[in-house]
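Colleague: Before I ask anything, here is the structure I am working with.
Chains as they are written, first to last, in the working numbering: chain A, 1 to 528; chain B, 529 to 1056.
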């Protein structure tokens, strides 16, 4: 495995310190040397990305699609090695990572299909009316064009699907933007393996080499330099509120502002309505015990908050949940830092008078490091509303059940919440229509509303919205999952009275690419 | 005319100082008392807007369209009074303002049609696949929803089309967002007349009253308080770089960041290619003398920069331009401040060794105040590139001709430019294809490329893009002119496994609204 930094698809030497990956379950370094980047490499990466942008943006859409599909092929070809390495670096089970390889290659192919089809550019054409009074109408044609080099921060909790060739990279490359990845320090080796797959694809499909660079760092210096570089045109990040807002602040301070897409987590409230509990209190408790602890709770859609009105059925729910949580084995967290933080915050809840422990997993494996025990606590609606600290995310296998005396209190709990990625309602067959005010309140807080499901497991598709009101993300107008994620990296350009032969194919008369276009207010594939 | 502040469609008293409109041509106050708002009114406006939002967002799309059309009707009904008042307050000619009434009502009707048709919400549906392996696929349906109260700053240079019921207000109301207008101090009376028309429309169409408020101020205090208010969800502004960036900074400092859409002007470069000058040097000079001085040059699309390679034909162009500019009558500028600033900056150019005066209008009317004389200057490409001050906008009837020795120097001039709203190429019939590198460089600098036209006169249509790379606007991904302006005020919401009867009509099975939707990746009006 080659652990050197990558500039314009080539490995380069850096004379800074060498870095090593750590197995979080054992605390022991894993084989492989990686190298801290420096300011010169940051500049080289953005300079080569800017140069490559002028070529790459003009690459035919089918060739760009072939590039994305080839990255997917190259990743699929090293699945076994990748899953093994990612598991050692992240503590995540092999089966989960096997699935994540599938999601990662699936995302690349989804974007390949999107751009090969071609209609995503939102071509809008209004033809000239030279005779119009009082003034003639010009011919105006608009489409989306890429904005330039995108800096992608690898995420700790998805070493594949939100990392080197994850959804951010796939959507940026699909849009026509070169990518500079800042590898996540929790999985250097996984990053190096995926980067090598991208390098193979760049070579096989003859892409401009500056379309991909990747830098290593064990601190914040390289990331900050990437965000501040004048040639960076957008930044993507998935991680903590603190980390995301630090990048937003750096971007705000630039001479030329750029968009930062920071997905900063969320507590993903679940509302259990009375009928839902009446019919299936025990089943729901089991279902949620599994969702709360899936992947050691290290999902941005982890259900960190549950709420219900007190009732006999809620008592059954609590009892079953308590037993189910107690039976969950402890699990290795992604990094020492994440484990330390989880255990600290969980202890604070345990020691807080206002919260009662509902369930805690006790099967701690003493031989392994960085373990997390699942924890579910209970609090009254009044205490929850009065103490904002309970609304903060605790990243890990944790959830808080808020018990309200009545519907008014339940709605007050919802009103007290910050913005969320998801909000879920568990309801009986004919119950939801009686809770319109509650649903409206939830709608204002979230980017995705779920009925009778669990928020974990984010379907990668055209209709997905993964991005909610602040602080779940810093810009709720965009999604980081699904094909609409491509719109983060484009801007509209209008051509007025432009020469036919020099227009992009997407905008030419006769629609040579056979894409959907809005022509004189009519959505069509056929010119009239 | 009622000059009181308006909260939730009702006139309210304010005990702050009274304000008066000034006729810029005479310096004399015009009749009518207006009243400086205060912090309490800011809070009242946003509180009532937030309350009204919950009702207004759910108002049927045809009723919302009727509301917009009624505002247009009410404005059209007072055209004569409005044009007279706006002319007295702005110094703009009646004919221009007559046209601007048409544009304003046209914009309102454009958005009414857009929302009545309904497809703009970008409904995207993926139906469930319960049998899918390894995991079932849920039913996911996404559409755009409004974000909440929008603060609209009236612009000085479009007292109607970018003011109280201008494009920002029309697109925000169309999206489902209530509006709070900060009236521009240069045209209190025009603002009051248009606001009264909106109040009539609110009453006639029975809209929630909090959907519209308007506040007066002669300074920055009220504007700043509106941007900082926690219930404000977006801000629109058209004006100076300094003014726009001050609002962006205030928004960045909020606890909860919100989008600011600031259109901050541009020098709108024009490139004259050799053949264009060979065939029509004199005609082009006349055409551009008219474009530079239209409306005293007070357009964000005013051609403030022209460039060409030196040639005999360029000499002809310069001679004709010089004569044409000299023959332009001086004109009243919008405000004393704008006139002062223009005359100061024009004098600086005149006194600068590096610039030569090409043409200056000499027909100054000594009886009128706040007059501007048109000015066109010339500079070498080398000096232009070396001195950034020449790249700054001089708001008024001014343009600078940059003369390059050759194509390389011409491209270097383009590379030195900041982001622009528009960029124009004047080219011979078969010439453009030889300048691909130059066109690529221009493309990166602008939101709209124009061939053989003038940038002034922005067509209000579905294909328009009015928004370019920084500093022309702070966010080039959006437009402030044309129907796509509605997308500034919405965010996507996804429903997962939601109950049919409780879905918005836009997302229901059977497509009851008969809109275009993307259903299982197919764009269609028919479910399958």
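Note that the Cβ used here is the ideal one computed from N, Cα and C, for glycine as well.
As the structure is a prediction and not an experimental result, all values here were calculated from the model.
For the alpha helix (DSSP H) containing residue 223 of chain A, list its first residue and its last residue.
Modeller: Taken as a continuous stretch (DSSP letters only), the alpha helix (DSSP H) holding residue 223 of chain A covers 221 to 228.
Colleague: Give me, in chain order, the residues of the same chain whose beta-carbon lies closer than 6 Å to that of residue 30 of chain A; leave out the 5 immediate sequence neighbours on both sides.
Modeller: Correct list, in chain order: 21, 23 and 88.
Colleague: Taking 7 Å as the cut-off, is the CB of residue 50 of chain A close to at least one heavy atom of the ligand FMN?
Modeller: Among the ligands in the structure shown, none appear at all, so the ligand FMN cannot be discussed.
Colleague: So, does the CB of residue 1004 of chain B fall closer than 8 Å to a CB anywhere in chain A?
Modeller: Cβ-Cβ to chain A under 8 Å: yes for residue 1004 of chain B.
Colleague: Which runs of the beta strand (DSSP E) at least 3 residues long sit entirely within the region 295 to 321 of chain A? Give them in chain order.
Modeller: DSSP runs (the beta strand (DSSP E)) wholly in the region 295 to 321 of chain A: 305 to 309.
Colleague: Applying a beta-carbon distance threshold of less than 7 Å, which residues of chain B neighbour residue 11 of chain A?
Modeller: The premise fails here: residue 11 of chain A is roughly 30 Å from chain B at the closest Cβ pair, so nothing lies under 7 Å.
Colleague: Can you list the residues of chain B that residue 174 of chain A reaches, using a CB-CB cut of under 9 Å?
Modeller: Near residue 174 of chain A there are no residues of chain B at all, since even the closest Cβ is about 15 Å away, more than 9 Å.
Colleague: Considering residue 487 of chain A, what are the terminal residues of the beta strand (DSSP E) in which it resides?
Modeller: First-last for residue 487 of chain A: undefined, no H or E at that position.
Colleague: Fully enclosed by the region 63 to 90 of chain A, which beta strand (DSSP E) runs are 3 residues long or longer?
Modeller: Segments of the beta strand (DSSP E) lying fully in the region 63 to 90 of chain A: there are none.
Colleague: When you compare the CB of residue 498 of chain A with every CB in chain B, is at least one pair closer than 8 Å?
Modeller: Answer yes: the Cβ-Cβ gap between residue 498 of chain A and chain B drops below 8 Å somewhere.
Colleague: Just checking: is the beta-carbon of residue 1030 of chain B within a distance shorter than 8 Å of some beta-carbon in chain A?
Modeller: Yes, because at least one Cβ of chain A sits closer than 8 Å to the Cβ of residue 1030 of chain B.
Colleague: Starting from residue 523 of chain A, find everything on chain B with Cβ-Cβ shorter than 8 Å and list it in chain order.
Modeller: In chain order: 647, 1044 and 1051.
Colleague: Tell me, please, which residues DSSP counts as bridged to residue 261 of chain A.
Modeller: According to DSSP, which records beta bridges pairwise, residue 261 of chain A is partnered with A:236.
Colleague: Would you call the region 459 to 466 of chain A in contact with the region 983 to 992 of chain B, where contact means no fewer than 3 C-beta pairs closer than 8 Å?
Modeller: At 8 Å Cβ cutoff, the stretches do not touch.
Colleague: Going along chain B in order, which residues have a C-beta closer than 8 Å to the C-beta of residue 352 of chain A?
Modeller: Here the premise fails: no neighbours, minimum Cβ distance about 25 Å.
Colleague: Less than 8 Å between CB atoms is the rule here; does residue 604 of chain B satisfy it with respect to chain A?
Modeller: No, residue 604 of chain B lies away from the interface with chain A (no Cβ there is under 8 Å from its Cβ).
Colleague: Taking residue 144 of chain A as part of the alpha helix (DSSP H), name the residues at either end of that continuous run.
Modeller: It is not in any alpha helix (DSSP H) - residue 144 of chain A instead sits in the beta strand (DSSP E) that spans 140 to 146.
Colleague: For chain B, is any of its Cβ atoms less than 8 Å away from the one on residue 155 of chain A?
Modeller: False, the Cβ-Cβ gap to chain B never drops below 8 Å.
Colleague: Using C-beta distances below 6 Å, list every residue in its chain close to residue 765 of chain B, excluding the 5 sequence neighbours before and after it, in chain order.
Modeller: The answer, listed in chain order, is 681, 772, 775 and 790.
Colleague: Any idea which residues DSSP pairs residue 1023 of chain B with across the strands?
Modeller: The partner list for residue 1023 of chain B (beta bridge, DSSP) reads A:449 and B:669.
Colleague: Could you check where the alpha helix (DSSP H) with residue 539 of chain B kicks off and where it finishes?
Modeller: Taken as a continuous stretch (DSSP letters only), residue 539 of chain B belongs to no alpha helix (DSSP H), being part of the beta strand (DSSP E) at 538 to 540.
Colleague: Going by Cα to Cα distance, which pick from B:675, B:977, B:591 and B:787 is closest to residue 831 of chain B?
Modeller: Considering only alpha carbons, the answer is B:977.
Colleague: Write down the C-beta distance between residue 36 of chain A and residue 288 of chain A rounded to the nearest angstrom, noting that I regard them as a contact closer than 8 Å.
Modeller: Contact flag wrong, Cβ pair sits at about 42 Å.
Colleague: Verify whether the separation of the beta carbon atoms of residue 941 of chain B and residue 909 of chain B is less than 8 Å.
Modeller: Their beta carbons are under 8 Å apart, which means residue 941 of chain B touches residue 909 of chain B by this criterion.
Colleague: Taking only beta-carbon atoms, is residue 252 of chain A less than 8 Å away from chain B?
Modeller: With 8 Å as the cut-off, residue 252 of chain A counts as an interface residue toward chain B.
Colleague: The alpha helix (DSSP H) spanning residue 214 of chain A covers which residue range?
Modeller: Here residue 214 of chain A belongs to no alpha helix (DSSP H); instead the beta strand (DSSP E) covers 212 to 215.
Colleague: Would you mind telling me which residues of chain B sit closer than 7 Å to residue 461 of chain A, beta carbon to beta carbon, in chain order?
Modeller: Per Cβ cutoff of 7 Å: 654 and 668.
Colleague: For residue 214 of chain A, count the other beta carbons within 10 Å of its own beta carbon; 16 or more makes it buried, fewer makes it exposed. Which is it?
Modeller: By the neighbour-count rule (16 or more Cβ atoms within 10 Å), residue 214 of chain A is buried.
Colleague: Would you identify the three-state DSSP class for residue 388 of chain A, choosing helix, strand or coil?
Modeller: Three-state DSSP puts residue 388 of chain A in a helix.
Colleague: Can you pull the chain B residues whose beta carbon is under 9 Å from the beta carbon of residue 137 of chain A, in chain order?
Modeller: Within chain B, the residues near residue 137 of chain A are 987 and 989.
Colleague: Does the distance from the C-beta atom of residue 178 of chain A to that of residue 49 of chain A stay below 8 Å?
Modeller: Yes, Cβ-Cβ distance for residue 178 of chain A and residue 49 of chain A is below 8 Å.
Colleague: If we count the other Cβ atoms within 10 Å of its Cβ and call it buried at 16 or more, is residue 586 of chain B buried or exposed?
Modeller: Exposed: under 16 other Cβ atoms inside 10 Å.
Colleague: Are the C-beta atoms of residue 833 of chain B and some chain A residue less than 8 Å apart?
Modeller: Not closer than 8 Å to any Cβ of chain A, the Cβ of residue 833 of chain B fails to qualify, so no.
Colleague: Below 8 Å on the Cβ atoms is my contact criterion, and I expect residue 241 of chain A with residue 265 of chain A to pass it. Report the Cβ-Cβ distance as a whole number of Å.
Modeller: Right, their Cβ atoms sit about 6 Å apart.
Colleague: Per the contact definition of three or more C-beta pairs closer than 8 Å, is the region 493 to 512 of chain A in contact with the region 159 to 167 of chain A?
Modeller: No: the two stretches stay apart, fewer than three of their Cβ pairs being nearer than 8 Å.
Colleague: For a contact defined as C-beta to C-beta under 7 Å, what are the partners of residue 450 of chain A on chain B?
Modeller: Under the 7 Å cutoff, chain B gives 1024 and 1025.
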